[in-house]
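Note that the sequence shown covers residues -17 to -1, 1 to 63 in mature numbering (1 follows the signal peptide of the UniProt record, and there is no 0).
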Amino acid sequence: MFTLWSLIEASLLCLNAVCILNEERFLARFGWRRQMVQQELGPPSTTEQILFIIRSIRTVAKIPLIFLNIIAITFKLLFG
């Protein structure tokens, strides 16, 4: 059954995945590197924008994700 809680939980899992994504190991396989962003001048490409969003989420959401994960784990333990 699809509920609001399952939507929140899926969003939390996606945020966790973005925060633990390693650029050197995973993204470099696809040619998405930090050096690529610094070399080009002009308007940012789609790849550069995606990398910027990933870095921004990692910077901003690191501490709140710890507390959200604690809340989600507590809810799962209490209510199944």
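Idealized CB from N, CA, C, for every residue including glycine.
Where the alpha helix (DSSP H) containing residue i begins and where it ends
i       : result
GLU(-9) : -14 to 3
PRO27   : From DSSP, PRO27 is part of no alpha helix (DSSP H); its letter is neither H nor E.
Closest residue to residue i among the options (Cα-Cα distance)
i       : options                         : result
THR30   : PHE58, ILE54, ILE56, LEU10      : LEU10
GLY14   : ALA55, LEU(-5), MET(-17), LEU34 : LEU34
LEU(-3) : ILE56, LEU61, LYS45, ARG8       : LYS45
Residue i versus residue j - alpha carbon distance
i        : j     : result
ARG12    : PRO47 : 29 Å
PHE(-16) : GLY25 : 44 Å
C-beta atoms of residue i and residue j nearer than 8 Å
i       : j        : result
ASN52   : LEU(-11) : no
GLU(-9) : ALA55    : yes
With three or more C-beta pairs closer than 8 Å as the rule, is the segment 25 to 40 touching the segment 1 to 11?
yes
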